[in-house]
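Residue numbers (our numbering), protein chains in the order written: chain A, 33 to 578; chain B, 84 to 240.
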């Protein structure tokens with residue numbers, strides 16, 4: 033597998049392009065390909081450098097060195113000296129006065145590597161997802177073979193524990209610990225469930241894995257079954273993902289024919305079966321106990337926890353529920369060992385994270401980068417900068433229930449602990465980037481509308497609280513809000529958090545809490561001045577009565 | 084719904100249950116398939132499911148009314164879904180919703196009188212990279228501009 037050691041960024045703003053930045057980029061690409069370094073050194077552009085004389089600039093990570101102005105002749109020198117021999121080319125360094133302003137953040141990123149590093153997406157788009165042989169050629173089922181022939185169930189769990197892998201569904205619970213709970217739970221019949229009910233708005237990473245590399249999930253589930261002592265597994269795929277389901281069903285059939293699934297896998301006495309279960313459109317079914325209810329043929333209403341599924345899950349039996357992306361990390365960890373895995377990311381959140389980039393940036397899409405990249409790097413390097421010269425206003429991480437990140441937190445490393453320390457959450461990896469044309473009242477109205485509709489209705493704080501919050505926000509957007517509404521919103525958000533039964537209700541108030549913290553003045557303008565500063569809200573004076 | 088389909092309700096339900104097996108675990112997949120074949124879940128179908136699976140009618144109805152991909156009311160010939168979640172919203176999905184409303188003279192979450200269209204706004208459809216997203220039957224349209232709406236709709240007869 034390719035492991036990136038350095039990253040080269042060429043400035044891509046209009047002035048740099050005018051001065052030939054794209055020929056620099058080409059020169060880097062061609063030269064590195066000639067030297068056979070393309071697998072180790074990643075090349076990209078970055079946007080929004082601000083006003084500078086020293087353009088075009090070239091930034092080299094992990095040293096976070098800024099060169100500029102760089103001419104075409106300088107490229108070879110940077111490659112030979114810096115990238116080959118590891119010596120910074122002092123003569124080409126940008127003058128210190130050029131390092132302030134919009135690129136000042138680069139210096140603080142010394143020692144980090146924001147380059148794409150594909151672990152769970154390594155085969156996506158490269159192999160034919162309908163062909164098991166293509167998967168096997170690309171190291172497929174090697175981890176399963178290793179597990180069955182060389183490792184005890186306890187070895188597998190210990191390796192996962194050592195890898196530090198944490199659940200990628202949003203909560204970030206240590207995966208090895210969860211596997212250990214299920215393995216220790218008493219009872220002969222246990223289940224493994226792959227949670228592929230990805231419905232968090234803005235998240236489609238699991239769909240890409242299921243559609244692009246379905247066998248990796250089959251392999252991971254088999255390993256999980258072996259480790260926790262389960263002989264049956266379920267993949268719960270959201271109803272809208274027809275192609276993903278088709279690919280998984282096909283992969284299961286092929287894996288059975290080749291002896292990677294079924295009884296006596298690889299000639300051992302371990303057997304494992306996988307059933308595919310489709311959802312029918314309900315966001316709440318991504319909550320693990322609601323998902324279990326749905327498989328059992330019920331309304332997808334979450335159960336009270338504890339007891340947790342690890343002891344009382346599907347049909348009351350110990351059940352391991354893991355997200356698709358979490359499972360996709362398992363075969364590479366087993367194949368390469370935990371030490372290999374911990375070299376990526378940060379010490380407390382090892383590995384990579386798949387992010388979906390959405391909203392008002394020039395390039396939307398999917399990236400897999402080490403844990404600890406910052407939002408500013410994501411926007412500047414992968415999002416191609418903000419759209420049409422607009423300014424960054426806020427980002428929402430992790431779908432509707434995620435945190436609202438104001439500009440002040442753009443430089444916080446995105447890993448579980450750094451985000452928790454800053455009082456925000458990483459969530460499922462959706463990054464909704466909003467520019468200054470987005471009104472926070474309008475945005476939170478849309479977010480709360482989502483919860484109002486998707487609440488399962490089982491418990492009052494969520495069913496009534498979201499409806500009430502929606503009414504208040506609608507009133508504010510119509511110009512008939514009152515200043516006491518702000519306290520009521522705060523109270524509702526607290527009540528949702530403290531009194532809801534499941535994660536949906538508990539996190540539904542997060543966006544409200546965050547906009548009250550970071551954008552209070554903008555909401556007050558709606559109420560006191562009867563003005564929507566961005567000009568989005570109707571402010572028509574119609575109160576909401578519903 | 085056309086009459087030929089209504090008379091076929093029971094055979095379709097029975098065939099679906101036979102395919103999945105008459106167990107409660109299969110309730111959601113069974114209802115999905117029936118909804119797909121008939122366009123919605125008529126009362127007769129729910130009663131037949133209840134009888135064959137030996138589970139109370141109230142339970143079958145409670146499940147049928149829970150999931151948004153099921154409909155207990157007849158739907159139009161074509162179903163238009165437009166995502167109204169935040170990622171599409173910030174990419175101007177509201178203008179697309181307006182454009183459809185104007186083109187068809189049909190407010191969101193309703194079915195046209197001639198039963199040609201059912202127009203609903205939904206939560207995230209998982210195609211967020213190309214928002215705003217519109218799905219008509221099984222066809223996905225991404226990066227939809229309001230001005231494209233008339234020509235897209237005219238493809239459906």
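Beta carbons: idealized from backbone N, C-alpha and C, even for Gly.
Asked, Found
"Can you give, in chain order, each stretch of the alpha helix (DSSP H) that sits fully within the stretch 74-158 of chain A and has at least 4 residues?", "104-109, 137-140"
"Please state the DSSP three-state secondary structure of residue 47/A.", "helix"
"Answer with buried or exposed for residue 196/B, where buried requires no fewer than 16 other C-beta atoms within 10 angstroms of its C-beta.", "exposed"
"What residues in its chain sit with their C-beta under 6 Å from that of residue 214/B, if we drop five residues either side in the sequence?", "170, 171, 174"
"If you scan the stretch 255-303 of chain A from start to end, which runs of the alpha helix (DSSP H) of 4 or more residues do you find wholly inside it?", "274-289"
"Would you mind stating whether residue 210/B and residue 219/B have Cβ atoms separated by less than 8 Å?", "no"
"Below 8 Å, can you find three or more Cβ-Cβ pairs linking the stretch 528-544 of chain A to the stretch 488-506 of chain A?", "yes"
"Give, in chain order, every residue of the stretch 234-264 of chain A whose Cβ lies closer than 8 Å to some Cβ of chain B.", "234, 235, 236, 239"
"If you measure from the beta carbon of residue 120/B to each beta carbon in chain A, is any gap under 8 Å?", "no"
"Check whether chain A comes within 8 Å of residue 202/B, counting only Cβ atoms and requiring the distance to be less than that.", "no"
"May I have the straight-line CA-CA distance separating residue 376/A from residue 98/A, to the nearest angstrom?", "24 Å"
"Who are residue 409/A's beta bridge partners in DSSP?", "The partner list for residue 409/A (beta bridge, DSSP) is empty, contrary to what the question assumes."
"Would residue 135/B count as contacting chain A if we go by Cβ distances under 8 Å?", "no"
"Name the residues in the stretch 428-440 of chain A whose C-beta lies less than 9 Å from a C-beta of chain B; which are they?", "428, 431, 432"
"Can residue 466/A and residue 426/A be called in contact, C-beta distance under 8 Å?", "yes"
"Give, in chain order, every residue of the stretch 325-343 of chain A whose Cβ lies closer than 9 Å to some Cβ of chain B.", "326, 327, 328, 329, 330, 331, 332, 333"
"Between the stretch 531-541 of chain A and the stretch 410-426 of chain A, do at least 3 Cβ pairs fall closer than 8 Å?", "no"
"Could you tell me whether any Cβ in chain A is nearer than 8 Å to the Cβ of residue 123/B?", "no"
"Kindly say whether residue 550/A, judged by its beta-carbon, lies nearer than 8 Å to any beta-carbon of chain B.", "no"
"Among 163/A, 311/A, 403/A, 321/A, which has the Cα closest to the Cα of residue 286/A?", "163/A"
"I need the boundaries of the alpha helix (DSSP H) containing residue 98/B, first residue and last residue.", "92-103"
"Starting from residue 226/A, find everything on chain B with Cβ-Cβ shorter than 8 Å and list it in chain order.", "Residues of chain B passing the Cβ test: none, with the nearest at roughly 16 Å."
"Just how far apart, CA to CA, sit residue 275/A and residue 259/A?", "30 Å"
"Quick check: the Cα distance between residue 177/B and residue 167/B, rounded to an integer number of angstroms?", "7 Å"
"Where residue 182/A and residue 299/A are concerned, what is the direct C-alpha to C-alpha distance, given to the nearest angstrom?", "13 Å"
"Which word fits residue 382/A, buried or exposed, when buried means at least 16 other C-beta atoms lie within 10 angstroms of its C-beta?", "buried"
"In three-state DSSP terms, what is residue 397/A?", "strand"
"Which residues of chain A have a Cβ atom closer than 8 Å to the Cβ of residue 179/B, listed in chain order?", "Neighbours of residue 179/B on chain A: none; closest Cβ ~14 Å, over 8 Å."
"Nearest by alpha-carbon distance to residue 203/A: which of 363/A, 471/A, 420/A, 318/A is it?", "318/A"
"Who are the neighbours of residue 314/A on chain B, taking C-beta pairs under 9 Å?", "149, 150, 151, 152"
"From the beta carbon of residue 212/B, is the nearest beta carbon of chain A less than 8 Å away?", "yes"
"Applying a beta-carbon distance threshold of less than 9 Å, which residues of chain A neighbour residue 107/B?", "328, 329, 330"
"Check the Cβ of residue 144/B against every Cβ in chain A and list those closer than 7 Å, keeping chain order.", "In chain order: nothing, as chain A lies at least about 10 Å away."
"So, is residue 546/A buried or exposed, given that buried needs 16 or more other C-beta atoms within 10 angstroms?", "buried"
"Please return the same chain residues whose Cβ sits closer than 8 Å to the Cβ of residue 236/A, not counting the five positions on each side in sequence.", "230, 388, 398"
"Which whole-angstrom value describes the C-beta separation of residue 280/A and residue 311/A, a residue pair presumed to lie in contact below a C-beta threshold of 8 Å?", "With 8 Å as the limit, residue 280/A and residue 311/A do not qualify as a contact, their Cβ atoms being about 13 Å apart."
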